[in-house]
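**Q**
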Amino acid sequence: MSIIVKPIITEKITKDGEIFNRFGFVVDKKANKVQIKKAVEATYGVSVVSVNTMNVRPDRTTKYTKSGLISGKSNAYKKAIVQVQEGETIDFYNNI
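When we follow full-length UniProt numbering, the leftmost residue of the sequence shown carries the number 1, and every step to the right adds one.
1. Taking the alpha helix (DSSP H) that Tyr44 belongs to, which residues open and close that run?
2. Nearest by alpha-carbon distance to Gly87: which of Ile8, Ile13 and Glu18 is it?
3. For Lys66, name the three-state secondary structure that DSSP assigns.
4. Give the single residue among Val46, Gln85 and Val5 whose Cα lies nearest to the Cα of Lys30.
5. Does the structure place the segment 27–41 close enough to the segment 58–72 that three or more beta carbon pairs sit under 8 Å?
6. With a CB to CB cut of under 6 Å and the five nearest residues on each side skipped, what residues in its chain are close to Ser74?
7. For a test of the three-state rule: what should DSSP assign to Gly30, helix, strand or coil?
8. Only counting the same chain, and skipping five residues up and downstream in sequence, which positions put a Cβ closer than 8 Å to that of Thr65?
9. Does the Cβ of Gly45 have 16 or more other Cβ atoms within 10 Å, making it buried, or fewer, making it exposed?
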């Protein structure tokens, strides 16, 4: 079971990484904070101070098209915000 699905790279998370040493990841829905902490430490070689998790609900959309009303939704996922120790950083743009 892979705990970390992918990193989240947005303007807000990138700014948090530069200022507060916090990085975001999409993680497995069944993973807990201890498993996430161990997976990040093993993958990126950093010391994790804290882990905050949240379940993101699916977004529902409705489109009015020529053929009628089309509705859909995105997938739900679990997001983890990981704070690493002062002086350490995770670089998502270089290959590991």
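Note that the Cβ used here is the ideal one computed from N, Cα and C, for glycine as well.
Values in this document were obtained by computation on a predicted structure and should not be read as measured data.
**A** Result, derived from the coordinates:
1. Translated into the one-based positions of the sequence shown, residue 44 becomes position 44. For Tyr44, the enclosing alpha helix (DSSP H) has its first and last residue at Lys33 to Tyr44.
2. The residue labelled residue 87 in the question sits at position 87 within the sequence shown. The shortest Cα separation from Gly87 among Ile8, Ile13 and Glu18 belongs to Glu18.
3. Here residue 66 is taken as the residue at index 66 of the sequence shown, counted from 1. Of the three classes helix, strand and coil, the one that applies to Lys66 here is coil, per DSSP.
4. Working through the sequence shown from its first residue, we reach residue 30 at position 30. Closest option to Lys30, Cα to Cα, is Val5.
5. These segments do not touch.
6. By 1-based counting over the sequence shown, the position of residue 74 is 74. The beta carbon of Ser74 lies closer than 6 Å to those of Pro58 and Asp59 in the same chain, with the five residues before and after it left out.
7. Here the question's residue 30 lines up with position 30 in the sequence shown. Just to set this straight, residue 30 is Lys in the shown sequence, not Gly. In the three-state scheme derived from DSSP, where H, G and I count as helix and E and B as strand, Lys30 is classed as coil.
8. What you label residue 65 is simply residue 65 of the sequence shown in a count that begins at 1. So no residue of the chain qualifies.
9. Numbered from 1 along the sequence shown, position 45 holds the residue referred to as residue 45. Per the 10 Å Cβ criterion, exposed.
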